[in-house]
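Step one of this worksheet: look at the structure below.
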Amino acid sequence: MRNSRIFEVFEQRKGKRTSLYTQNLVPGKKVYGEDLVTMEGVEYREWNHNRSKLAAAILKGSPNIGMRKGDTVLYLGASSGTTPSHVSDIVGKKGFVFALDFAPRVVRQLVYLCEERENITPILGDANKPDTYADKVCLVDVVYMDIAQRNQEEIFLKNCKAFLKKEGYALLAVKARSIDVTKKPRQIFEKVRKVIEKELTIIDSRILDPFEKDHCMFICKKK
Amino acid sequence: MTGQAKYRFTNIISTFIFDADFNLIDKGEDIKGKYKEAVKPEGRALYNILKYFNKPEYLKQFYKANIKITKRAIKESTGKDNLIIQAVNSVEDLKVIANKLAKRLREWYELYNPEFSRSIADHARFAELITLKSRIELLKKTGISESASMGADLEQKDIDVILLLAEEIKAIYKTKVNLEKYINTAMTESCPNITALAGSIIGAKLLEHAGSFKKLMLMPASTVQLLGAEKALFRHLKTGARCPKYGIILQHPLVAKAKDKAKAARMLADKISLAAKIDYFKGDFIGDKMRKELGAKIR
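Residue numbers (the numbering used here), protein chains in the order written: chain D, 1146 to 1368; chain F, 51 to 349.
Next comes the structure, spelled out in structure tokens:
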């Protein structure tokens, strides 16, 4: 087990591929059936890159994901908590994650996760309407968004404007297929890039093939 | 040194009063009346106030409050439409399971009495009859004598296990009927117009595809028309293949029997979309009238 380029993310060769790991905040507990590895008394959770776009982006070579120990993260589109659990590992006990999702069905799953981990809290809300949950969050260091909506870049900018601190990082996973199925993914990514460039500085963008088809991760910084 | 109260901000933790430099002056649940001059923060002020709350002690409070609020929100989010959707999904699942088990039952039972199994097509009726009557009685119906039958003479204990499976299948069919009854009453109760227009099962299936009652209500008629034909629709958009003309509503007798199915589907979808809006806002019952009009128009 050795450190990867990313803070608090570890890597290890597993067969032909490199696998990513994060240090388990709640030793002994699995979140989604992932492997647990103990080395020198420290327990790590394997980060499945086929299920998490953030892990895929790291494996594709993102130099920086903007999250560090102690950061506060607003996670939009948390779903049942696969990736948020790793984000919670990364920010550690001193950090905090606001995990928001729209569907009651998956938030129910998320609540169980939050009760196990003291640094992550669930919010049932619509990311398209930041005003409705402004009383449930605080200003954050990082915004991460992974929602499959038509106007995802618009929602992303709205949230960054309202809740992201100055010079904070913002990550956006774009799903080309949910913006327009008729256009080529690359065209859509270019369009999205142009829109978010107006308000944020884009540090890096990674197309997530072959882990996620037609997805792209944008890593930005607030001006 | 704190100045005059300028901003009042309420969040899930409490109500807070800040001065112009964003220093905290006061907090508590019942201080709203005390600082009448304080205003709701907006823009930059809101940014600075949100920044104030990024502190470990507040994060802990956010943690507790949010879990509590979210739990309650989840509890309140369950409506009649969720129940109907689950019921209609169960009916679909039961259909698949019953079919699969019935096929197995026939395969098994045919070793003992193939001629009778061949003579009756309906699975539910078949399972019912073999548990009620003996082989001789059943064979009489088909007009074949026991000695001419191809069925093996099995011991009673071998027959009994077959009948055990038959009982199970009977129960599944019974559950299905009960669920359909439930869907019918629930649909009539919560969306009378849709039910009158489309029938309870088709209405429930539309609900299921839309995801929730609210989503169905917000859908335009053209979307309602194609609910259930998503695969064909996206194939059309992606590759330019011919576009679908109807989804679930093809199951509706008016559309299925119509000569111009596309036209009938359009008209029906239009009315269903209207009915959904009436039902959502608890409007008058005009489903019968709409159905009659449609019946006269569609031929």
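Even for Gly, the Cβ is constructed at its ideal location relative to N, Cα and C. These figures come from a predicted structure and were not determined experimentally.
Since Y1166 (chain D) is in the beta strand (DSSP E), which residue starts that stretch and which ends it?
Where Y1166 (chain D) is concerned, the enclosing beta strand (DSSP E) stretches over R1162 to Q1168.
D1280 (chain D) touches chain F at which residues, Cβ-Cβ below 9 Å?
Near D1280 (chain D) (Cβ distances below 9 Å), the residues of chain F are F59, T60, N61, I62 and I63.
Taking C-beta pairs closer than 9 Å, name the residues in chain D that I134 (chain F) reaches, listed in chain order.
Within chain D, no residue comes near I134 (chain F); the closest Cβ sits about 15 Å away, beyond 9 Å.
Could you spell out the range, first to last residue, of the alpha helix (DSSP H) harbouring R94 (chain F)?
It spans R94 to Y102 - the alpha helix (DSSP H) in which R94 (chain F) sits, taken as one unbroken run.
Consider the Cβ of R1253 (chain D): report whether some Cβ of chain F lies at a distance smaller than 7 Å.
Yes, its Cβ sits closer than 7 Å to a Cβ of chain F.
Straight-line CA distance for K105 (chain F) to T1277 (chain D)?
Spanning the two alpha carbons is a distance of roughly 22 Å.
Which residues of chain D have a Cβ atom closer than 7 Å to the Cβ of N116 (chain F), listed in chain order?
Neighbours of N116 (chain F) on chain D, chain order: T1266, P1267, I1268 and K1281.
Do V1288 (chain D) and L1309 (chain D) have their C-beta atoms closer together than 7 Å?
In this structure, L1309 (chain D) lies closer than 7 Å to V1288 (chain D) by Cβ.
On the CB-based measure, 16 or more other CB atoms within 10 Å of its CB, does I219 (chain F) come out buried or exposed?
With at least 16 other beta carbons inside 10 angstroms of its own, I219 (chain F) counts as buried.
Only counting the same chain, and skipping five residues up and downstream in sequence, which positions put a Cβ closer than 8 Å to that of I62 (chain F)?
Correct list, in chain order: F112, A115, N116 and I119.
Interface residues of chain D around N104 (chain F) at Cβ under 9 Å?
In chain order: T1217, F1241, C1283, L1284, V1285, D1286 and K1310.
I need the straight-line Cα distance from K1325 (chain D) to L155 (chain F), nearest angstrom please.
Strictly speaking, residue 1325 (chain D) in this sequence is Asp, with Lys absent from that position. Using only the alpha carbons, I get a separation of about 48 Å.
Would you identify the three-state DSSP class for M200 (chain F), choosing helix, strand or coil?
Residue state, collapsed to three classes: coil.
Can you list the residues of chain F that E1260 (chain D) reaches, using a CB-CB cut of under 9 Å?
I117, listed in chain order.
Quick check on V1236 (chain D) - is its C-beta less than 7 Å from some C-beta in chain F?
No, because no Cβ of chain F sits closer than 7 Å to the Cβ of V1236 (chain D).
Nearest chain F C-beta to V1176 (chain D) closer than 7 Å, yes or no?
Interface criterion not met: the Cβ of V1176 (chain D) is under 7 Å from no Cβ in chain F.
Specify the secondary structure class of K1367 (chain D) as computed by DSSP and reduced to three states.
The answer is strand: DSSP assigns K1367 (chain D) an E or B state.
Let me confirm a value: K150 (chain F) is counted as buried when at least 16 other C-beta atoms fall within 10 Å, else exposed. Which label applies?
With fewer than 16 other Cβ atoms within 10 Å, it is exposed.
Going by beta-carbon coordinates alone, are C1283 (chain D) and L96 (chain F) separated by less than 7 Å?
No.
Leaving out five residues before and five after S1225 (chain D) in sequence, what residues of the same chain have Cβ atoms less than 7 Å from its Cβ?
Closer than 7 Å at the Cβ level, and outside the excluded window around S1225 (chain D), lie V1251, Q1254 and L1255.
Counting only runs that start and end within the segment 161-215 of chain F, where is the alpha helix (DSSP H) found for 4 or more residues in a row?
Counting whole runs of 4 or more residues, the segment 161-215 of chain F contains the alpha helix (DSSP H) stretches 164-169, 173-182 and 185-192.
Go through the segment 1203-1284 of chain D residue by residue and report every complete run of the beta strand (DSSP E) that reaches 3 residues or more, in order.
Fully enclosed beta strand (DSSP E) runs of 3 or longer: 1217-1221, 1241-1246 and 1265-1269.
By DSSP, does H1194 (chain D) sit in helix, in strand, or in coil?
Assigned with DSSP and collapsed to three states, H1194 (chain D) falls in coil, not helix or strand.
Our contact map puts F1334 (chain D) next to A1321 (chain D) with C-beta atoms below 8 Å; I'd like the distance itself, whole angstroms only.
The distance from the Cβ of F1334 (chain D) to that of A1321 (chain D) is about 7 Å, consistent with a contact at the 8 Å cut-off.
Cβ pair count under 8 Å reaching 3, the segment 1349-1364 of chain D against the segment 85-92 of chain F
No: the two stretches stay apart, fewer than three of their Cβ pairs being nearer than 8 Å.
Using only CA atoms, which one of D:F1363, D:G1178 and D:Y1220 lies nearest to L1269 (chain D)?
It is D:Y1220.
Within 7 Å, strictly: CB atoms of T1228 (chain D) and L1199 (chain D)
Taking 7 Å as the Cβ cut-off, T1228 (chain D) and L1199 (chain D) qualify as a contacting pair.
State buried or exposed for E1153 (chain D), treating a residue as buried only when at least 16 other CB atoms are found within 10 Å of its CB.
So E1153 (chain D) ends up on the buried side.
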